[in-house]
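The block underneath contains the structure these notes are about, expressed in structure tokens.
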Ligand SMILES: Cc1ncc(COP(=O)(O)O)c(C=O)c1O
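As structure tokens, then:
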């Protein structure tokens, strides 16, 4: 069975810990939202009504929590490749003068704002720039900080088997520590319990080959966990027992693997066919190592029939961020990457997506769940998938 979450630790680790340069400091929190709240608590101790500029492709659950903490947010638009150009971004900075600006490296694709810094002149002097790296496994010694008001925050549970989030910034700017002893509270115990239950039920579903159990572990337990994360007023530190492992993350091994996996997705998804409603993203190869998922962007709302089809075939994936403004007239399917995914898994996923769209060589395909006939404009020859071949794949996918 294929899914996003990886549970094995060994492939993620190396023997020697990382050395962090002195000019950089790393603080460890329970979650992205805990790190974020602690940072703004220290940087704006007296200011009450803070404004955050966020991309319109963002997690609404996080924004709802921020609202409860008294923050106001304003969206800036991203295109289908999760980018905004510098001159448009500049206008948002000038117009709203936000206290906090979030730049999200969605799916692990680095924001193009970091290759054209012309917006920096319009960046309000007292504002914070937070790079949301929850979709990246960030190597702290390698981060490029623009200045001492620029920070990174990650969310390790999304990109590795370890929990918690790291707040990374200039040493002079992070002159505080996460609240002491904050770990032992009902908030963190509840979140640890829910996350552990998710992992156990998820693992059980994987071992028993029960897609419905794997799916329910996400939609019920993980959702419950995500709902309580970020709701506490006091930011919490991370479970320190994991720090020796987190300091030994083997970045290079994962980066090499992800680069190869992205290239393979690109080849097997687009070599023989062009999907009628998919926009092929132009992702720079330099971003491949840092990607969390392979994003398949569609020009229509989420297609539940495609999800049902993939789940039936043992591919437990979803369209993500379906309730944010970016998703009004498009959707993005996250396809998994990582140590738990093999080359034959990727071929199998591509086959199953193709199978859904192109059920026979006469050009019968599905758009948003509806069977269409005829040839779609501009498409190359649809790929015909032999059912016997896919049956063979479905037996071998999880074993390889
Ligand atoms: C883009 C983005 N940023 C931040 C977060 C918050 O991360 P955490 O749950 O670790 O607080 C999420 C949560 O899913 C997210 O999707």
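In the working numbering, the protein residues as written are 155 to 554.
Here a beta-carbon is modelled for each residue, glycine too, at the ideal position from N, C-alpha and C.
Unbroken alpha helix (DSSP H) run spanning residue i, endpoints
i	result
residue 365	365-370
residue 490	Residue 490 -> not in any alpha helix (DSSP H); beta strand (DSSP E) instead, spanning 485-490.
residue 232	Neither: residue 232 is in no alpha helix (DSSP H) and is coded neither H nor E.
residue 184	Segment: none, residue 184 is in no alpha helix (DSSP H) and carries neither H nor E.
residue 505	497-511
residue 410	405-424
residue 322	Careful: residue 322 lies outside any alpha helix (DSSP H), inside the beta strand (DSSP E) at 319-324.
residue 399	397-400
residue 154	Because the chain spans 155 through 554 in this model, residue 154 falls outside it and cannot be assessed.
One or two residues paired with residue i in a DSSP bridge
i	result
residue 205	226
residue 341	For residue 341, which the question treats as bridged, DSSP gives no partner whatsoever.
residue 378	Answer is none; residue 378 lacks a bridge partner.
residue 383	Partner(s): none; residue 383 has no beta bridge.
residue 451	433, 486
residue 283	255, 304
residue 459	Looking at the DSSP assignment, residue 459 forms no beta bridge with any residue, so it has no partner.
residue 179	323
residue 174	DSSP output for residue 174 lists no bridge partner at all.
residue 156	469
residue 391	183
residue 167	403
C-alpha gap between residue i and residue j, whole angstroms
i	j	result
residue 425	residue 169	40 Å
residue 239	residue 207	15 Å
residue 503	residue 492	14 Å
residue 314	residue 184	14 Å
residue 364	residue 476	25 Å
residue 203	residue 251	13 Å
residue 182	residue 214	24 Å
residue 356	residue 444	25 Å
residue 162	residue 407	14 Å
residue 159	residue 282	32 Å
residue 416	residue 290	14 Å
residue 196	residue 273	26 Å
residue 326	residue 298	15 Å
residue 510	residue 193	46 Å
residue 531	residue 433	Confidence at residue 531 is low in this model, with a pLDDT of 36, below 50, so its placement is unreliable and no value can be given for it.
residue 403	residue 205	35 Å
residue 463	residue 507	9 Å
residue 310	residue 275	33 Å
residue 487	residue 378	22 Å
residue 410	residue 242	34 Å
residue 257	residue 211	10 Å
residue 166	residue 405	8 Å
residue 451	residue 316	29 Å
residue 428	residue 439	21 Å
residue 178	residue 285	15 Å
residue 189	residue 389	7 Å
Residue i, buried or exposed, once every other Cβ within 10 Å from all chains shown has been counted against 16
i	result
residue 470	buried
residue 308	buried
residue 247	buried
residue 219	buried
residue 228	exposed
residue 292	buried
residue 303	buried
residue 482	exposed
residue 318	buried
residue 386	buried
residue 458	exposed
residue 361	exposed
residue 171	exposed
residue 330	exposed
residue 270	exposed
residue 173	exposed
residue 395	exposed
residue 366	exposed
residue 514	Interpretation of residue 514 is limited by its pLDDT of 47, a score under 50 that renders its predicted location unreliable; the figure taken from the coordinates is listed afterwards. Result: exposed.
residue 516	Unreliable placement is indicated for residue 516, whose pLDDT of 46 sits below 50; the coordinate value is still reported in the next sentence. Looking at its Cβ environment, which holds fewer than 16 other Cβ atoms inside 10 Å, residue 516 is exposed.
Where the beta strand (DSSP E) containing residue i begins and where it ends
i	result
residue 637	With the chain covering only 155 through 554, there is no way to say anything about residue 637.
residue 254	254-258
residue 250	That residue, residue 250, is in no beta strand (DSSP E); its alpha helix (DSSP H) goes 240-250.
Cβ-heavy atom distance, residue i to ligand 2, below 7 Å
i	result
residue 480	The ligand content of the structure shown is limited to ligand 1, which means ligand 2 is not among them.
Taking any heavy atom of ligand 1 as the mark, which residues have a C-beta closer than 6 Å to it, listed down the chain? Going by the Cβ distance cut-off, the answer is 185, 186, 187, 212, 213, 216, 258, 286, 288, 309, 319, 380, 383, 384.
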